[in-house]
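K.L.:
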Amino acid sequence: MVNKKFVILFVVIMILVLSLPTALAPDDEPLSNATTNTTVTPPAANVTVNPNTQKIALLELKINSLESQIYILQTDLQTLDYKVSTIKNDVDIINSQQNSLEQGIKQDIGSVSTGLAGLQKNLDTTKENLTEVKTELEGTQSFNTFLAFIIFLIVVTVIGGIVYAKKKGIFSNGLFNNKVHPQVASYITNHIKQGKKFEHIKQNLVQAGWEEKDIHHAYKSTMKTNYQSYKKAQGPDKKKVIMISVIGVVIIIVGMFSLSGSVGQAIKIQQTVDTKTSVLTTDIICEDGLILNPTGDGCCQDVNQNQVCDDIDIYQLNKAAQDKAVCSDNNDCSADKVCINNKCGYVKDIYKGSDICSKRCTYYSVETVTSDGETYFHKPGQDGYTAAGGLTWNLLDAPSHCIEENAQTVFEISKLGPTTIINENGEKKSKISLLSKEIITLEQGQKSKIITHPANSNIKFTLLANEIFENCN
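Here's what the structure looks like:
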């Protein structure tokens, strides 16, 4: 900026210097072209016009014109500086995104290298075993021939089975299509985004009652689903295509050594980055007959298309005909009543009213502290979970109350767990199901009772409504 201003000032001084001889020329010299077309009115009888005055006036006009041009140039320079600054910011954002993607690719390549090292070790072990088998087979020629024939039959059978399975679509639509529950897929996806490793996720799911083989299948299926969603969301940019191709090759190599086939859920996780704010947003899109679950963090099946998750429909089939004196589940209450603090009733009736009601208040946020040592600032409609999603809690809207009454927060507690089903092929499979629901209310500073889980005695969870933020009018 200093060099540009110096050049402009130098040009202005040169123009003034070159114009000065013209302005101070003798009286008999003609004026410049700027005044040749000007009509001069003869002076009055007693008025004497100084020729230098006209020249000075002309010089001032030129100076004013130069100042206007200088102002325009300065404005253009400021505009140019702003555009350069904007372009620099965009370039910095692009470089940041590129570095992040390169780091992710390096981590994936490192994981593949580790897997290949393990595979090489397994191959070496297999070679040693084959050498021992070969030594034993050399003892008897007839047994060797018989074994070769058996191996040939096995290979032909396996190849024929694979060809038949591909033609019938068994790998994509049949026997190996063990769908992962949307909430488990969402749980795995969220922990992957947090940088958690497979062993950490596996440990939490085992504690929640899942079998290891089901956890392996769910993890691989979720990884494949996330990759497919990521691939669909990308544009035709050449650099992105190359990077995605590398990631695709990595995933294909890992998939070649997977223990079993897996397919993706019809759940699309779409991530976008705002180039102005650099904020990453994540949207969950449900397809193929799935709908967004009540908590909004995953998808669920809706076969009867009543806009209610099928597991909730099944859960509500066990609704009691009459209220129980002491309830622990919404199903212990009749009709549309729910279990609130172990009593059947309605959320709209949690306040008793006040003789004096100067203002009415509703809360818009609650600071919640869990027994896991986590603190949340949630607004109504947001939720949290513990025990790998086996127990979830959701902050609900509450009716307005008089300012003279203590505010009460309303939490919906849902308990989920794996249940065993038998599919059409007679095989036992695990699926996650809704086991129970209840409502608890807490005043500011109040801690809940110990919340347990019917399928896991190790779960002893509590909530504390540390502070309630309200609007009153």
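This note's numbering puts the last residue of the sequence shown at 757; the count rises by one with no breaks. Using N, Cα and C, we set each Cβ at its ideal position, and we do this for glycine too.
Using the C-alpha atoms, what's the distance from Asn755 back to Val490?
P.N.:
If you take the alpha carbons of Val490 and Asn755, they lie about 43 Å apart.
K.L.:
Classify His737 as buried or exposed, calling it buried when 16 or more other Cβ atoms lie within 10 Å of its own Cβ.
P.N.:
Per the 10 Å Cβ criterion, buried.
K.L.:
Would you kindly work out how many angstroms separate the C-alpha atoms of Phe753 and Val650, rounded to a whole number?
P.N.:
The straight-line gap from Cα to Cα measures roughly 6 Å.
K.L.:
In three-state terms, what does DSSP make of Gln589?
P.N.:
Reduced to three states, the DSSP call for Gln589 is coil.
K.L.:
By how many angstroms is the C-alpha of Ala502 removed from the C-alpha of Val368?
P.N.:
About 49 Å.
K.L.:
Could you please give me the residues that DSSP links to Ile697 through a beta bridge?
P.N.:
Answer is Trp677, Glu722.
K.L.:
Taking the alpha carbon of Val295 as the reference point, which residue from Gln353, Leu343, Cys645, Lys339 has its own alpha carbon closest?
P.N.:
When only C-alpha atoms are compared, the closest one is Gln353.
K.L.:
At which residues does the beta strand (DSSP E) containing Tyr669 begin and terminate?
P.N.:
Residues 667–670.
K.L.:
Might you give, ordered along the chain, the residues of its own chain that have their beta carbon closer than 6 Å to the beta carbon of Asn742, omitting 5 neighbours on each side?
P.N.:
Around Asn742: no qualifying Cβ.
K.L.:
Between which two residues does the alpha helix (DSSP H) holding Leu576 run?
P.N.:
Leu576 -> not in any alpha helix (DSSP H); beta strand (DSSP E) instead, spanning 574–576.
K.L.:
For Val442 and Thr429, what's the separation of their Cα atoms in angstroms?
P.N.:
Rounded to whole angstroms, Val442 to Thr429 spans 20 Å at the Cα level.
K.L.:
Go through its chain and collect everything with a Cβ distance to Ala682's Cβ below 6 Å, but skip five positions before and after it.
P.N.:
Only Val694 meet the Cβ criterion.
K.L.:
Relative to the C-alpha of His685, which candidate in Gln467, Gln387, Tyr647 has its C-alpha closest?
P.N.:
Residue Tyr647 is the option with its Cα nearest to His685.
K.L.:
My output table needs one value for Val610: the three-state DSSP class, helix, strand or coil.
P.N.:
In the structure shown, Val610 sits in coil (DSSP, three-state: anything other than H, G, I, E or B).
K.L.:
Going by C-alpha to C-alpha distance, which of Pro466, Lys504, Ser470, Glu495 sits closest to Phe284?
P.N.:
Nothing can be reported for residue 284, as the shown portion of the chain is limited to 285 through 757.
K.L.:
Taking one C-beta from the segment 664–673 and one from the segment 718–732 each time, how about it: are there three or more such pairs within less than 8 Å?
P.N.:
The answer is no - the segment 718–732 does not touch the segment 664–673, with fewer than three Cβ pairs under 8 Å.
K.L.:
Taking the alpha helix (DSSP H) that Lys486 falls in, what are its first and last residues?
P.N.:
It spans 482–491 - the alpha helix (DSSP H) in which Lys486 sits, taken as one unbroken run.
K.L.:
Looking at Ser618 and Asp633, is the spacing between their C-beta atoms short of 7 Å?
P.N.:
In this structure, Ser618 does not lie closer than 7 Å to Asp633 by Cβ.
K.L.:
Helix, strand or coil for Gln692, going by three-state DSSP, please let me know.
P.N.:
Three-state result, Gln692: strand.
K.L.:
Between which two residues does the beta strand (DSSP E) carrying Thr654 extend?
P.N.:
Its beta strand (DSSP E) spans residues 644–654.
K.L.:
Evaluate Ala749 with the Cβ neighbour count: other Cβ atoms within 10 Å of its Cβ, from every protein chain shown; 16 or more gives buried, anything less gives exposed.
P.N.:
Ala749 comes out buried.
K.L.:
Name the DSSP beta bridge partners of Ala605, please?
P.N.:
Bridge partners of Ala605: none, in fact.
K.L.:
Is it right to say Val622 is buried, meaning 16 or more other beta carbons lie within 10 angstroms of its own, or is it exposed?
P.N.:
That one is buried.
K.L.:
What residues in its chain sit with their C-beta under 6 Å from that of Lys699, if we drop five residues either side in the sequence?
P.N.:
Contacts found: Leu675, Leu719, Ser720, His737.
K.L.:
What do you get for Pro335, buried or exposed, if any count of 16 or more other CB atoms within 10 angstroms of its CB means buried?
P.N.:
By the neighbour-count rule (16 or more Cβ atoms within 10 Å), Pro335 is not buried but exposed.
K.L.:
Tell me the rounded alpha-carbon separation between Gln478 and Asn379.
P.N.:
Gln478 and Asn379: Cα-Cα distance of roughly 22 Å.
K.L.:
Between Ile476 and the ligand NAP, is there a pair consisting of the residue's CB and a ligand heavy atom that are separated by less than 6 Å?
P.N.:
Looking for the ligand NAP in the displayed structure turns up nothing, as the structure carries no ligands at all.
K.L.:
Expressed to the nearest angstrom, what Euclidean distance is found between the alpha-carbon atoms of Ser806 and Asn588?
P.N.:
Residue 806 lies beyond the range of the chain shown here (285 to 757); nothing can be said about it.
K.L.:
Let me confirm a value: Val439 is counted as buried when at least 16 other C-beta atoms fall within 10 Å, else exposed. Which label applies?
P.N.:
Its Cβ having fewer than 16 others within 10 Å, Val439 is exposed.
K.L.:
Below 8 Å on the Cβ atoms is my contact criterion, and I expect Asp639 with Cys628 to pass it. Report the Cβ-Cβ distance as a whole number of Å.
P.N.:
Not a contact, Cβ separation roughly 27 Å.
K.L.:
Please classify Lys497 as buried or exposed, where buried requires at least 16 other C-beta atoms within 10 Å of its C-beta.
P.N.:
The residue in question, Lys497, is exposed, as its Cβ has fewer than 16 Cβ neighbours within 10 Å.
K.L.:
For Tyr232, count neighbouring Cβ atoms within 10 angstroms of its own Cβ and tell me buried if that reaches 16, exposed if not.
P.N.:
One cannot answer for residue 232 here, as it falls past the ends of the chain, which runs 285 to 757.
K.L.:
Starting from Asn474, trace the alpha helix (DSSP H) both ways and give me its first and last residue.
P.N.:
Asn474 -> alpha helix (DSSP H) spans 466–477.
K.L.:
Which word fits Glu696, buried or exposed, when buried means at least 16 other C-beta atoms lie within 10 angstroms of its C-beta?
P.N.:
Buried.
K.L.:
Could you pull out every residue in the same chain whose Cβ sits closer than 8 Å to the Cβ of Thr746, ignoring the five residues on either side in sequence?
P.N.:
Contacts found: Thr654, Ser655, Lys731, Ser732, Lys733, Ile734, Ile735.
K.L.:
Please go through the same chain and pick out, in chain order, the residues whose beta-carbon is closer than 8 Å to the beta-carbon of Ser642, but skip the five residues on each side of it.
P.N.:
If we look at Ser642 and ignore the five residues flanking it on each side, its Cβ neighbours are Cys686, Ile687, Glu688.
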